[in-house]
Every structure is written in structure tokens, then in C-alpha cells.
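Numbering (the working numbering), first residue to last: 131 to 348.
Notes for the one structure printed next.
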Ligand code: HEC
Ligand code: HEC
Ligand code: HEC
Ligand code: HEC
Ligand code: HEC
């Protein structure tokens with residue numbers, strides 16, 4: 131090999147090594163910064179701690195799909211648009227007179243509304259629009275015993291320790307749209323309302339519902 135290209139190779143190797151060192155230094159700094167920014171957090175190897183923002187197993191891993199997601203979670207912010215695995219539309223269904231409770235069957239009775247699985251969809255789609263490609267795709271999934279894995283839009287992070295119940299709100303005649311926006315205008319659900327603590331507490335104050343910390347936190 132000519133000397134000039136050997137030199138070039140060596141230069142590139144040492145540049146790579148410097149890059150590696152820099153990456154390690156950045157990682158260490160970020161780790162230290164996280165520790166400083168959340169001093170009250172349980173340590174990653176504390177077996178008595180519940181689920182933490184770093185995941186459920188005692189190995190230090192961000193366990194998030196991307197650094198961006200980990201960062202958003204760390205900052206307790208939630209994205210407005212959430213990608214979904216299937217081209218579902220609220221607008222089409224609500225326009226045809228389908229009710230929220232046809233799909234979110236538990237919303238009036240209990241804490242959770244529930245997100246429909248493919249078998250709930252098939253109650254109608256074993257008969258409705260069976261010739262359409264999307265419906266055929268879905269029918270095939272049902273036959274093969276596969277289900278959608280919908281991504282959550284409004285879930286709180288476990289470390290917020292929020293306890294929410296739908297039923298008392300539906301009984302008190304709070305509209306779905308107060309908390310979720312106008313679903314008629316949405317295909318897949320988007321985070322139309324930022325339900326932070328201020329949002330909950332100000333209505334509870336106005337309606338004289340309980341504002342004890344333990345009403346909403348566990
Ligand atoms: C007072 C505010 C409020 C009202 C009113 C409300 N929701 Fe929700 N909804 C929430 C919150 C908060 C969550 C997230 C709860 C969580 O993940 O801990 C949620 C979650 C959901 C979910 C996700 C699945 C689940 O079970 O958590 C669905 C679906 C849903 N709501 C549908 C509805 C429908 C349909 C209505 C009307 C019948 C409705 N919501 C009324 C606040 C509300
Ligand atoms: C209560 C009955 C009912 C349920 C339950 C239901 N659908 Fe539908 N769906 C309909 C009706 C009605 C239409 C409109 C059909 C038309 O355009 O004539 C429709 C249309 C659709 C379309 C549009 C088809 C196209 O290409 O134009 C898709 C996709 C779809 N539904 C998916 C779903 C999925 C996924 C679920 C379950 C999460 C579901 N549906 C649950 C009644 C239902
Ligand atoms: C035909 C079935 C169907 C009907 C009717 C329906 N939904 Fe949904 N809903 C779904 C499916 C499927 C999802 C999961 C995909 C998504 O996030 O859009 C969902 C998701 C949601 C979410 C996001 C939950 C979360 O936190 O991930 C909310 C909020 C919601 N629906 C509210 C409503 C409201 C309010 C109505 C009535 C005005 C309604 N839905 C009617 C099927 C339905
Ligand atoms: C638009 C008004 C409104 C908003 C917004 C609202 N609530 Fe409520 N909530 C009420 C009312 C009214 C009641 C009381 C119903 C009753 O007395 O039975 C209630 C009751 C509750 C209860 C049951 C309390 C009990 O004693 O059983 C919980 C838990 C709760 N809310 C949590 C939340 C959380 C968490 C949020 C924010 C995500 C929220 N609420 C947002 C009006 C609201
Ligand atoms: C009416 C419901 C409600 C009441 C009452 C309430 N909170 Fe909250 N709180 C929430 C919700 C919802 C969030 C989550 C906000 C988010 O993640 O966007 C929250 C978040 C928090 C957080 C931030 C946690 C995080 O995500 O890092 C703290 C701390 C907190 N609450 C403390 C309290 C204390 C202390 C009280 C009593 C004085 C109280 N809360 C009463 C609903 C409530």
C-alpha cells in the first residue's frame with residue numbers, strides 16, 4: 131500500500147477513535163445530567179421501586195423507541211399526532227351514526243373506555259363493506275387470530291401516578307369532547323386537549339368535585 135494512503139488510513143482510524151471517545155463523554159454527561167435533574171427519582175437498581183421512566187427491568191436502558199420519545203417522556207410532554215398501524219377513521223363511523231359506545235364499550239360503566247380489538251370491528255364488518263380492501267385485510271387478521279396494536283394517545287406516564295375514571299364524568303354529563311375534542315373531525319384520534327393537572331383541577335373546583343390529591347393520584 132502506498133505510504134500516502136496508509137497515512138490517510140491511520141488518520142481516519144484515530145479520527146474514529148476520537149469520535150468514540152466523544153460519544154462516550156456525551157453519554158456520561160447526559161446520564162449525570164439526568165441524575166442531577168431528577169434527584170428524587172429512585173435509582174435504577176432499586177428493586178423496591180415501581181416502574182420507572184427508564185423501564186421495568188433492573189438494567190439501565192432508556193427502553194424507548196427513539197431518543198426523542200425518551201426525551202418527551204422525561205419532559206412529561208405528549209405528542210399531538212400519534213401514528214397508528216391501520217387506516218382507521220372516526221369521522222367515517224360517526225358520520226354513519228355509529229356511537230362511541232359501540233366501540234368504546236366500557237366508557238359508561240367503569241374507569242376505562244377500552245380500545246376495540248378486531249373482533250369488535252368484525253361484529254359489524256362481517257356484514258358491512260366486506261368488498262373493500264381494508265375490510266378484507268382486517269377480516270384476514272381476525273381469521274388468523276391477529277389483532278391491532280393501537281398506540282395510545284392520551285395515556286399518562288406511569289410516574290405521574292394519575293388515576294382517572296370515566297364513569298363518574300359520564301354520569302355528571304361531562305361531554306367526551308370536553309376532554310378529547312371533536313371526534314367527528316378526527317380520523318385516528320389526536321391529542322386535541324392537553325389534559326394536564328390544571329385542566330382537571332380547575333373543572334373540579336368549578337363543579338365542586340373533590341380536589342384531594344388522592345382523588346387523582348395513587
Ligand atoms: C373528564 C375528561 C374525560 C371525559 C369527559 C372523557 N374522557 Fe376519555 N380519557 C380521559 C383521560 C384522562 C384518559 C386517559 C386515562 C389514562 O390513560 O389514564 C382517557 C382515555 C380514553 C380512551 C383510551 C382508552 C381507555 O380506556 O383509557 C378512550 C377510548 C376514551 N378516553 C374515550 C372516551 C369517550 C368515548 C368519552 C365519552 C363517552 C370520554 N372518553 C370522555 C378523559 C376523559
Ligand atoms: C357499529 C358498526 C361498526 C363497527 C363496530 C365498526 N365499523 Fe367500520 N364501518 C361501519 C360503517 C357503517 C362503515 C361505512 C361503510 C360505508 O361506507 O358504507 C364503516 C367503514 C369502515 C371503513 C372504511 C372502509 C372503506 O374503505 O371505505 C374501515 C376501514 C372500517 N370501517 C374499519 C373499522 C375498524 C378497524 C373497526 C374496529 C375498530 C370498525 N370499523 C368497527 C360500521 C362499523
Ligand atoms: C367504529 C369504532 C369507534 C367508534 C364509533 C369510536 N371510536 Fe374512538 N377509537 C377507535 C379505535 C379503533 C381507536 C384506536 C385508534 C386511534 O387512536 O384512533 C380509538 C381511539 C380513541 C381515542 C384515543 C384513545 C387513546 O388514548 O389512545 C379516543 C379519545 C376516542 N377514540 C374517543 C372516541 C369518541 C369520543 C367517540 C365518539 C364520539 C369514539 N371514539 C368513537 C374506535 C372507535
Ligand atoms: C369538565 C369538568 C371535569 C374535568 C375536566 C375533569 N373532571 Fe373529574 N370529575 C368531574 C365531576 C363533576 C366529578 C364528580 C362526579 C360525582 O360527584 O359523582 C368528577 C369526578 C372525578 C373522579 C371520581 C372522584 C370520586 O370521588 O369518585 C376522579 C378520579 C376524577 N374526577 C379525576 C379527574 C381527572 C384525573 C381529570 C383530568 C384528566 C378530571 N377528573 C377532569 C368533573 C371534571
Ligand atoms: C383533579 C385531578 C388532580 C388532582 C386533584 C391533583 N392532581 Fe396532580 N396531576 C393530575 C394530572 C392529570 C397530572 C398529570 C399531568 C401530565 O402528565 O400531563 C398531575 C401531575 C402531578 C404532578 C407531576 C407529576 C409528573 O408528571 O412529573 C405532581 C407532582 C402532582 N400532580 C401533585 C399533586 C398534588 C400534590 C396534589 C394535591 C394537592 C394533586 N397533584 C392533585 C391531576 C390531579
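Where a beta carbon is used, it is the ideal one built from N, C-alpha and C, also for glycine.
Just so you know, these numbers come straight off a predicted model, no measurement behind them.
Check: residue i C-beta below 7 Å from any heavy atom of ligand 5
{"i": "residue 331", "result": "yes"}
{"i": "residue 292", "result": "yes"}
{"i": "residue 334", "result": "yes"}
{"i": "residue 289", "result": "yes"}
Top-ranked residue by Cα proximity to residue i, from the options
{"i": "residue 324", "options": "338, 318, 288 and 308", "result": "308"}
{"i": "residue 222", "options": "237, 317, 328 and 327", "result": "317"}
{"i": "residue 245", "options": "280, 343 and 338", "result": "280"}
{"i": "residue 346", "options": "290, 315, 306 and 338", "result": "290"}
{"i": "residue 326", "options": "305, 284, 338 and 213", "result": "284"}
{"i": "residue 304", "options": "267, 339 and 344", "result": "339"}
{"i": "residue 243", "options": "306, 333, 343 and 328", "result": "306"}
Check whether residue i and residue j have beta carbons under 8 Å apart
{"i": "residue 282", "j": "residue 348", "result": "no"}
{"i": "residue 313", "j": "residue 220", "result": "yes"}
{"i": "residue 255", "j": "residue 269", "result": "yes"}
{"i": "residue 233", "j": "residue 250", "result": "yes"}
{"i": "residue 302", "j": "residue 310", "result": "no"}
{"i": "residue 299", "j": "residue 240", "result": "no"}
{"i": "residue 217", "j": "residue 247", "result": "no"}
{"i": "residue 259", "j": "residue 253", "result": "no"}
Segment limits, alpha helix (DSSP H) that includes residue i
{"i": "residue 270", "result": "263-273"}
{"i": "residue 247", "result": "Where residue 247 is concerned, there is no enclosing alpha helix (DSSP H), given that its DSSP letter is neither H nor E."}
{"i": "residue 335", "result": "327-336"}
{"i": "residue 310", "result": "306-310"}
{"i": "residue 215", "result": "Element bounds for residue 215: n/a, residue is neither H nor E."}
Residue i: CB within 7 Å of a non-hydrogen atom of ligand 2
{"i": "residue 230", "result": "no"}
{"i": "residue 246", "result": "yes"}
{"i": "residue 268", "result": "yes"}
{"i": "residue 197", "result": "no"}
{"i": "residue 262", "result": "yes"}
Closer than 7 Å: residue i CB and nearest ligand 1 heavy atom
{"i": "residue 346", "result": "no"}
Cutoff 7 Å; reference residue i; Cβ partners in own chain excluding five residues on either side
{"i": "residue 331", "result": "341"}
{"i": "residue 335", "result": "341"}
{"i": "residue 315", "result": "221"}
Closer than 7 Å: residue i CB and nearest ligand 4 heavy atom
{"i": "residue 301", "result": "yes"}
{"i": "residue 295", "result": "yes"}
Cut-off 6 Å between Cβ atoms - residues of its own chain near residue i, not counting five sequence neighbours on either side
{"i": "residue 210", "result": "320 and 321"}
{"i": "residue 286", "result": "292"}
{"i": "residue 271", "result": "248"}
{"i": "residue 238", "result": "300"}
Residue i beta carbon near ligand 3 (any heavy atom closer than 7 Å)
{"i": "residue 242", "result": "no"}
{"i": "residue 284", "result": "yes"}
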